[in-house]
Each structure stands twice: as structure tokens, then as C-alpha cells.
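For the sequence shown, the residue numbers in this note's numbering are 14 to 115.
Below is one structure, written out as C-alpha cells; comments come after it.
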Amino acid sequence: MQQPHTLTLNPAIPTCWESTHVLRFGFERAEVRIVRPTRATQRFLAALRAGVTASDLATVARDAGITSHERRALMETLEPVLLRQPLDAQGPSPGSPAVPHT
């Protein structure tokens with residue numbers, strides 16, 4: 014059984030617009046590129062930047078306006094820039110290091 018965790022975008026990897034149509038994660042080297050991200054995708058990315066528990070991921074995606082298929086594809090694309098932080102019974106452990114999502 015997998016330990017409950019929170020998924021977040023790695024704050025050490027900068028996000029910028031590479032062009033008017035491409036959102037890029039990584040500065041000197043692009044870790045991930047998202048071409049023509051929709052407003053729904055951008056809302057979902059904002060939620061991931063703040064952190065989403067794995068158990069709430071589907072609900073947050075649906076509330077942002079993306080389908081389950083889009084969510085799965087986006088999470089696969091974002092895997093290189095995601096962090097997974099374990100939760101304890103009270104929520105995130107204070108000061109606990111984030112573990113790369115694998």
C-alpha cells in the first residue's frame with residue numbers, strides 16, 4: 014500500500030513561457046514543455062504548485078475543468094518536475110524533505 018502523499022511542482026525548477034504557446038519547466042534546459050496549455054490546464058498547474066494530496070488529485074483536476082484522460086496525460090508529462098511529500102496523520106510533516114515523484 015502506498016503511503017499518502019502530496020504532489021507539488023518542484024519549486025527549484027523555474028516555469029516560464031518559452032513562446033506565446035509553450036509553457037516551459039526548466040531554465041537552461043527544458044525538463045518539460047506544455048504546448049498550448051488550456052485555461053483548465055493552467056488552473057490545474059496552479060493547484061499543483063500549491064500542492065494537492067494524491068487522494069484529491071482527480072477532484073482537483075475535475076474542478077479545474079480537465080478530464081481524467083487529460084489529467085493522466087498531464088501527470089505523465091509533468092513527472093520529471095513533480096515532488097511527492099509524505100503525509101502523516103495530521104497532514105504534511107513540518108520540515109520533511111520532498112521526495113521526487115517516480
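Glycine is no exception: its CB is placed at the ideal position from the N, C-alpha and C atoms.
Can you pull the DSSP bridge partners for Leu36?
Trp30, Ile47
Give me, in chain order, the residues of the same chain whose beta-carbon lies closer than 6 Å to that of Ala102; leave out the 5 immediate sequence neighbours on both sides.
Summary for Ala102: the model assigns pLDDT 49, below 50, so the residue's position carries little reliability; its value from the coordinates is reported in the next sentence. There are no such residues.
Pro17 in three-state terms, based on DSSP
coil
Taking just the CA atoms, how far does Arg97 sit from Pro50?
23 Å
Distance check for Ala63 and Arg75, CA to CA, integer angstroms please.
17 Å
Three or more C-beta pairs under 8 Å: does that hold for the region 21-35 against the region 77-97?
yes
Of the residues Ala67, Val73, Val48, Arg85, the one placed nearest Ala60, counting alpha carbons only:
Val73
Per DSSP, what kind of secondary structure is Pro24 in: helix, strand or coil?
coil
Is the Cβ-Cβ distance between Asp71 and Arg52 less than 8 Å?
Asp is not the amino acid found at residue 71; the sequence shown has Ala there. No, they are not a contact pair.
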